[in-house]
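I have placed the structure first, in the form of structure tokens, so that the comments after it can refer back to it.
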Amino acid sequence: MKSPGGSPIVPEPGWSFRLMTILTLTAGTSFLMWLGEQITERGIGNGISLIIFSGIVAGTPAAIFQSLDLMGTGEMPVLVMLFLLVLMVVVIGAIVFTEGGQRRIPIQYAKRVVGRKMMGGQSTHLPLKVNTSGVIPPFLLHRSSCFLRRCSVYSHPWMQWVFSCADTRDDYL
21 MKSPGGSPIV
31 PEPGWSFRLM
41 TILTLTAGTS
51 FLMWLGEQIT
61 ERGIGNGISL
71 IIFSGIVAGT
81 PAAIFQSLDL
91 MGTGEMPVLV
101 MLFLLVLMVV
111 VIGAIVFTEG
121 GQRRIPIQYA
131 KRVVGRKMMG
141 GQSTHLPLKV
151 NTSGVIPPFL
161 LHRSSCFLRR
171 CSVYSHPWMQ
181 WVFSCADTRD
191 DYL
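The numbering used here numbers the first residue of the sequence shown as 21 and each following residue consecutively.
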């Protein structure tokens, strides 16, 4: 593997490097899963979602300053920035609206006789969420496309269409 500048990232990637990489990634992932479970058990909230949210919030100031720098140098027109801001507000509103939505399935209980009394059929509803998967799938879609774009340094010619799709999607976000 080589860096974008052409120098090797790992000078001698032998089996010890590969084993250490596998162990480190596995241990780090296991620790984050354990930490997420601890957050959930202690009642603070959904642990994994909070960890992902904290990662997003940590990168937000840098992204804002980078966008302002691009506007300052003229590389990003003001209209494009305004369009992106409006698009972000609309997408966040759509996600919140979809998350709060539910489909109410009506349920009718049959009438029954208990002793000499006729117990009436009650009616209620079964609330089903419209989006049962939560907000993780849109986040993973965005992150996977960012990962594909970063991996384009190590790409093969037959993968160029995947990277062009990811770049096209990122151009419109």
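No residue lacks a Cβ here, since even glycine has one placed at the ideal position from N, Cα and C.
What are the uninterrupted segments assigned as alpha helix (DSSP H) that are 4 or more residues long and contained completely in the segment 64–109, given in chain order? Fully enclosed alpha helix (DSSP H) runs of 4 or longer: 67–93.
List the DSSP bridge partners of S143. Q128.
C-alpha gap between S27 and W35, whole angstroms: S27 and W35: Cα-Cα distance of roughly 20 Å.
For M96, I'd like the list of residues in its chain whose CB is within less than 8 Å of its CB, leaving aside the five on either flank, ordered along the chain. Same-chain partners within the cutoff: S87, L90.
Please state whether DSSP places V133 in a helix, a strand or coil. Of the three classes helix, strand and coil, the one that applies to V133 here is strand, per DSSP.
Starting from the C-beta of G141, find all residues in its chain whose C-beta is less than 7 Å away, skip the five residues before and the five after it, and write them out in chain order. Excluding sequence positions up to five before and after G141, its CB lies within less than 7 Å of the CB of Q128, Y129, A130, K131, all in the same chain and listed in chain order.
DSSP three-state label for P33, please. Residue state, collapsed to three classes: coil.
How big is the Cα-Cα spacing for V173 and L146? Note that V173 has pLDDT 49, beneath the 50 cutoff, so the model's placement of it is unreliable and no number is given.
Thinking I71 and G56 are a contact (beta carbons under 8 Å), I'd like their distance in whole angstroms, please. Right, the Cβ-Cβ distance comes to about 6 Å (below 8 Å), so this counts as a contact.
T118 to T46 span [Cα, whole Å]: T118 and T46: Cα-Cα distance of roughly 34 Å.
Is the beta carbon of N151 closer than 9 Å to that of G121? Contact flag set, yes.
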